[in-house]
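In my numbering, the protein residues as written are 29 to 159.
In what follows, a single structure is set out as structure tokens and then discussed.
Set out below in structure tokens:
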């Protein structure tokens, strides 16, 4: 996670969510990196999205960028960067057995005001056998 993304998600406004992110960093599951100094300008994206895509472009190994913003996902595809959103990650976690129910996670997100299009949810549920 770039420093720009950290600045966007670790604001102090959502202590329980931020605690999970901090735990992932402490456990080594998530790594903070400096914002890449080189790469395309990407003026239509916010700094977190732009730095994430720049990092993916300079990584020697294949990268999967997690991003929900439609504009950022579109730019990622144009740049040849593989991208997945929250719904896809939930589906992958369910298929891998990391969570017992994708439907329950979607319900929890819905209760928190996080919105994913119903058609996307139905597609993911069908793909992971909960449709």
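Don't be surprised by glycine CBs; every beta carbon is placed ideally from N, CA and C.
What would DSSP say about residue i, mapped onto helix, strand or coil?
i	result
residue 158	coil
residue 65	coil
residue 111	strand
residue 30	strand
residue 94	strand
residue 144	coil
residue 39	coil
Between which two residues does the beta strand (DSSP E) containing residue i stretch?
i	result
residue 52	Residue 52 -> not in any beta strand (DSSP E); alpha helix (DSSP H) instead, spanning 43-54.
According to the Cβ coordinates, are residue i and residue j closer than 8 Å?
i	j	result
residue 96	residue 114	yes
residue 76	residue 33	yes
residue 137	residue 144	yes
residue 112	residue 92	yes
residue 61	residue 39	no
residue 130	residue 106	no
Is residue i buried or exposed, if buried means 16 or more other CB atoms sit within 10 Å of its CB?
i	result
residue 156	buried
residue 119	buried
residue 133	buried
residue 52	exposed
residue 94	exposed
residue 126	exposed
Within the continuous alpha helix (DSSP H) that includes residue i, where are the two ends?
i	result
residue 79	75-86
residue 126	Here residue 126 belongs to no alpha helix (DSSP H), and DSSP marks it neither H nor E.
Taking C-alpha atoms, which residue in the options lies nearest to residue i?
i	options	result
residue 103	85, 151, 116 and 89	85
residue 80	100, 150 and 41	100
residue 151	139, 117 and 124	117
residue 83	130, 58, 128 and 109	109
residue 63	78, 49 and 57	78
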